[in-house]
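Heads up, the thing below is written out as structure tokens.
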Amino acid sequence: MRRHASWRPRPLQRVTDLEPSDVARQLTVGEYKVFARCRSTDLLKQTNPKMAMSGDVLRVKALSERSNGIVAWIAATVLAEAEVKRRAELLRFFIKVAQTLRGLNNFNTLQSVLAGLDAVAIHRLRRSWDAVPSRTLATWTALKEGMSPARNFAAYRDAFEAAATPRIPFMGRTLTDLRFAEDGNPNFLDAERTVINFSKRMLQASILSRVEQSRIAYAIDVNPTVQQWLSTQCETAHRTWDSQTQYDVSCRLEPRESHPTPASLATSGVSRATTTAGSASSPPGQPSVRASS
Numbered sequence: 001m002r003r004h005a006s007w008r009p010r011p012l013q014r015v016t017d018l019e020p021s022d023v024a025r026q027l028t029v030g031e032y033k034v035f036a037r038c039r040s041t042d043l044l045k046q047t048n049p050k051m052a053m054s055g056d057v058l059r060v061k062a063l064s065e066r067s068n069g070i071v072a073w074i075a076a077t078v079l080a081e082a083e084v085k086r087r088a089e090l091l092r093f094f095i096k097v098a099q100t101l102r103g104l105n106n107f108n109t110l111q112s113v114l115a116g117l118d119a120v121a122i123h124r125l126r127r128s129w130d131a132v133p134s135r136t137l138a139t140w141t142a143l144k145e146g147m148s149p150a151r152n153f154a155a156y157r158d159a160f161e162a163a164a165t166p167r168i169p170f171m172g173r174t175l176t177d178l179r180f181a182e183d184g185n186p187n188f189l190d191a192e193r194t195v196i197n198f199s200k201r202m203l204q205a206s207i208l209s210r211v212e213q214s215r216i217a218y219a220i221d222v223n224p225t226v227q228q229w230l231s232t233q234c235e236t237a238h239r240t241w242d243s244q245t246q247y248d249v250s251c252r253l254e255p256r257e258s259h260p261t262p263a264s265l266a267t268s269g270v271s272r273a274t275t276t277a278g279s280a281s282s283p284p285g286q287p288s289v290r291a292s293s
């Protein structure tokens, strides 16, 4: 689209200055960049600390840090709003982001967004969730069910196998699968350690082959301004908020009530965004609660 010579982009201040689909697409571009740097050998070595080198650990850690940053950013963004209406609008916005991520087959960022919306400090905001349209809540429920840990993440596994490339796997699950394969199977089948357990190696190769088959870049134009803004928001939130801070702010916004949580929010179907060590829910630089103007 040709722009008038006097056109200037509006400064990006809030996530809602963007469309949910644009946020999802730019998150996907950033996610793939980090994912592509992480080699299969890095993932394999991560399950065996004796094999891991500093570079291997850092590349895998970058995936975890990014996921935790997204979780924290979503929680911080919602909790920065003093008005129930604004919080509900943000919940609806991020559910739309998650819906687009699912359409892009970006399962790793999808899990991060779902975990952010399902963080304790956000989950308990009854009045905010009650103000979200029922159709959006139905979408939210369907997305959670698609990433449910039930039956060893059966729904996710089926969806991932059926997904066309480009796609990004849920790396927390991939690392867990590799760890189970490593810890649950001996390297050798005899006491003399001469008979290699090829079944174990084939299992590991099968897991890693799915990762390798996903290394096809997305045909999405990079928006450097949005990329930088999202990166700063996530990094700041992850660095400056922790789960206790989130919970304290949440309780100030919506104090505890004696009546029970609605059935629609009573059960959480989303697990942590990652399985590696570290907080899954840390929130941008201690934002003050924003009153509506």
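Just so it is clear: in the sequence shown, position 55 is 55 by UniProt numbering, and no numbers are missing. Beta carbons are placed, not taken as given, at the ideal position from N, Cα and C, and that holds for glycine. Just so you know, these numbers come straight off a predicted model, no measurement behind them.
Check: Serine 206 to threonine 77, Cα distance in whole Å?; Outcome: 39 Å
Check: Flag this pair as yes or no: are the beta carbons of leucine 114 and glutamine 246 separated by less than 8 Å?; Outcome: no
Check: Would a C-beta distance cut-off of 8 Å place phenylalanine 93 and valine 15 closer than the cut-off?; Outcome: yes
Check: Applying the criterion that 16 or more other CB atoms from any shown protein chain within 10 Å of the CB defines a buried residue, is proline 186 buried or exposed?; Outcome: exposed
Check: Quickly, what does DSSP pair isoleucine 196 with across the bridge? List them, please.; Outcome: Phe188
Check: Could you give the distance in angstroms between the alpha-carbon of threonine 165 and the alpha-carbon of isoleucine 220?; Outcome: 13 Å
Check: Which residue wins for smallest C-alpha separation from glutamate 254, given the options Lys50, Glu83, Asn68, Pro169?; Outcome: Glu83
Check: Under three-state DSSP, which class holds isoleucine 220?; Outcome: coil
Check: Residue range of the alpha helix (DSSP H) that tryptophan 140 falls in?; Outcome: 134-146
Check: Can we say the region 193-213 touches the region 93-111, given the rule of at least three CB pairs closer than 8 Å?; Outcome: no
Check: Using a C-beta cutoff of 8 Å, does tyrosine 156 count as contacting chain C?; Outcome: Absent from the structure is chain C; it holds one protein chain and no more.
Check: Which of the three DSSP states, helix, strand or coil, is assigned to glutamate 89?; Outcome: helix
Check: On the three-state DSSP scale, how would you describe glutamate 81?; Outcome: strand
Check: If the criterion is Cβ atoms closer than 8 Å, does the pair tyrosine 156 and phenylalanine 107 meet it?; Outcome: yes
Check: Since arginine 102 contacts glycine 146 with CB under 8 Å, what's their CB separation in whole angstroms?; Outcome: 7 Å
Check: Let's see if you can read the secondary structure: which residues bound the alpha helix (DSSP H) around serine 112?; Outcome: 107-117
Check: DSSP state of serine 264, grouped into three classes?; Outcome: Summary for serine 264: the model assigns pLDDT 45, below 50, so the residue's position carries little reliability; its value from the coordinates is reported in the next sentence. Serine 264 falls in the helix class under three-state DSSP.
Check: Confirm, please, whether the CB-CB distance from glycine 116 to alanine 75 is below 8 Å.; Outcome: yes
Check: Does the separation of the CB atoms of cysteine 38 and valine 60 fall below 8 Å?; Outcome: yes
Check: Helix, strand or coil for glutamine 13 per DSSP?; Outcome: coil
Check: Quick check: threonine 100 and serine 214, are their CB atoms within less than 8 Å of each other?; Outcome: no
Check: Near threonine 47, what residues of its chain come up, given a Cβ to Cβ distance below 6 Å and the 5 sequence neighbours on each side ignored?; Outcome: Leu178, Arg179, Glu182
Check: Pull up the CB-CB distance for tryptophan 241 and leucine 12, whole angstroms please, since I reckon it's below 8 Å.; Outcome: 21 Å between Cβ atoms; not a contact.
Check: For glutamate 81, count the other beta carbons within 10 Å of its own beta carbon; 16 or more makes it buried, fewer makes it exposed. Which is it?; Outcome: buried
Check: Assuming leucine 91 contacts alanine 24 under a Cβ cut-off of 8 Å, what Cβ separation, rounded to an integer in Å, is found between them?; Outcome: That belief does not hold up - the Cβ atoms of leucine 91 and alanine 24 are roughly 16 Å apart, past 8 Å.
Check: Straight-line CA distance for leucine 137 to alanine 131?; Outcome: 10 Å
Check: Lysine 50 lies in the alpha helix (DSSP H); which residues open and close that run?; Outcome: Careful: lysine 50 lies outside any alpha helix (DSSP H) and carries neither H nor E.
Check: Between the C-alpha atoms of glutamine 26 and threonine 236, what's the straight-line distance to the nearest angstrom?; Outcome: 18 Å
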